[in-house]
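A short worksheet on the structure shown next.
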Amino acid sequence: MKKFEVIGHRGAKGLAPENSLKAIKRALACNVDMIEVDVRVDGGSLVLSHDPVIHTDKYDELEDALIEIDGDVPINLEIKEFDVVEHLPKVLKGYTGRILFSSFEFRILQEVKKVFPKAELAVLEKWSGVRAIAEASLLGTNRVHINQQWLWSGFVRSMKHRGFKLYAYTVNSRDRAEELIEWGVDGIFTDYPSLFSE
């Protein structure tokens, strides 16, 4: 199989509770190329959570995740809500590891770019390659994260021909990963990074 990037989805969601320090530790143990976590606001803190925050629940904080990762691998912060952006400068101050920001919401990525002009951005897309191309072009990025269910070889070739880097989510089978990589996908998000650790 060709070389490709393995990104731990929500840490390693299939191996530990999603978006937790434990899931991050499991992903690191699998030697992933990047760790993706979802970020929301809880009070004045940035927390790891895919779903809206329930104030009676306990969430791990982004600050603790950054300490755990300690720049060992890049981290993909999927910004789930607009209010996250205003808290990022304080939390990220002094962090020297590589950070990639992604979101399904174009306006969130625009705001991230205002706050961090040199930020590395990725457009998240569920199904529309046309919209992904337009948004990525407007943001000045070539990185698109797209639902693997909507990928086919012709689309991947077309995106690669246009100079885009394409990452598929969420891929939990080696066979599907091999097919996507053969088509030219640059990497995959997976709940089970242990499937791909060597």
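The working numbering puts the first residue of the sequence shown at 5, with every later residue one more than the last. Glycine included, every Cβ here is placed at the ideal spot set by N, Cα and C.
Item	Value
Cα-Cα separation between alanine 126 and alanine 20, rounded to whole angstroms	25 Å
For glycine 49, the three-state DSSP class (helix, strand or coil)	One point to set straight first is that residue 49 is serine, not glycine, in the sequence displayed. Note: serine 49 maps to strand in three-state DSSP.
Sequence-distant residues of the same chain with beta carbon closer than 7 Å to valine 89, five excluded per side	Ile83, Ile112, Glu115, Val116 and Val119
Nearest residue (CA-CA) to alanine 140, options Met163, Ile192 and Ala181	Met163
Coil, strand or helix - histidine 13 by DSSP	coil
Residue nearest to leucine 155 in terms of C-alpha spacing, selected from Asn146, Ile192 and Glu40	Ile192
Pick from Phe105, Val160, Gly144 and Lys122 that is closest to serine 132, judged by C-alpha positions	Val160
Glutamine 134 classed as buried or exposed, judged by whether at least 16 other C-beta atoms fall within 10 angstroms	Looking at the sequence shown, residue 134 is not glutamine but valine. Valine 134 should be labelled exposed.
Assigned secondary structure, isoleucine 39 (DSSP; H/G/I helix, E/B strand, else coil)	strand
Integer-rounded CB distance, given that aspartate 37 should sit under 8 Å from isoleucine 11	6 Å
In chain order, each alpha helix (DSSP H) run of at least 4 residues that lies wholly inside the segment 83–127	88–96 and 110–119
Valine 95 beta carbon less than 8 Å from that of leucine 142	no
Where the beta strand (DSSP E) containing valine 148 begins and where it ends	147–151
Rounded straight-line distance, which links the Cα of tryptophan 187 to that of serine 106	23 Å
Glycine 144 classed as buried or exposed, judged by whether at least 16 other C-beta atoms fall within 10 angstroms	exposed
Same chain, Cβ closer than 6 Å to alanine 136, neighbours up to 5 away in sequence not counted	Val127, Glu129 and Val148
Beta bridge counterpart(s) of phenylalanine 200 as assigned by DSSP	BP columns for phenylalanine 200 are empty, so no partner.
Leucine 170 in three-state terms, based on DSSP	strand
Short Cβ contact (8 Å threshold) for leucine 104 with glutamate 72	no
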